[in-house]
Structures are given as structure tokens and as C-alpha cells.
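Numbering (the working numbering), first residue to last: 4 to 101. These notes concern the structure reproduced below.
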């Protein structure tokens, strides 16, 4: 039973990691798209520079935020797996002498 719990924990952790990896990539691609295309809107050049800078900074912060949230949730998933294995009673062998 404990092996099953750890297998489920590993699968859940892998799924969570895939979701976080995809979010990290989307933030990186989206931020770079906004930063490089900030001049598409016909506004004051100073606003274009600020928008590009803000998109670049937001991308960096967003990527680190995804990593921090991934680490926290991963630790919670592992802790729940550990707690679940401690709550499962030990099975006694059927051939034990009495």
C-alpha cells in the first residue's frame, strides 16, 4: 500500500511539474512577445520604452514566481505522501507464528 501511495505521489508531482513548466514557458514567451512588440501601438516613444521595460521585468518576476510556487506546492505534495504512508497500518504476514 505504501508503494502505491508513493507511486501516486510521484505521478501527481510529475503532473504538477509539467503544469508549472508550461506556465513558466508561457510567461517567458508572452513577456518577450509583449516586450518586442511594444512599439506596435502608436503612442509616445517614451511610453513604448516603459512598456517594453515593464514587460521584461514582469516576465522575470513571473518566471521566478512560478518557480517559487512550484517548489512550495511540490513540498506540500511530498509532505502529504509522507503523512499518508505514516497513516497506513503495517500489514502482518499471514504466515506469522502465533
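Even for Gly, the Cβ is constructed at its ideal location relative to N, Cα and C. All values derive from a computational prediction rather than experimental measurement.
| Query | Result |
| --- | --- |
| For residue 3, the first and last residue of its enclosing alpha helix (DSSP H) | Here the chain covers residues 4 to 101 and nothing more, so residue 3 does not appear. |
| Same chain, Cβ closer than 7 Å to residue 35, neighbours up to 5 away in sequence not counted | 62 |
| Three or more C-beta pairs below 8 Å linking the region 65-73 and the region 25-34 | yes |
| Cβ-based burial, residue 58 [other Cβ within 10 Å; buried from 16] | buried |
| Distance CB(residue 81)-CB(residue 6) smaller than 8 Å | no |
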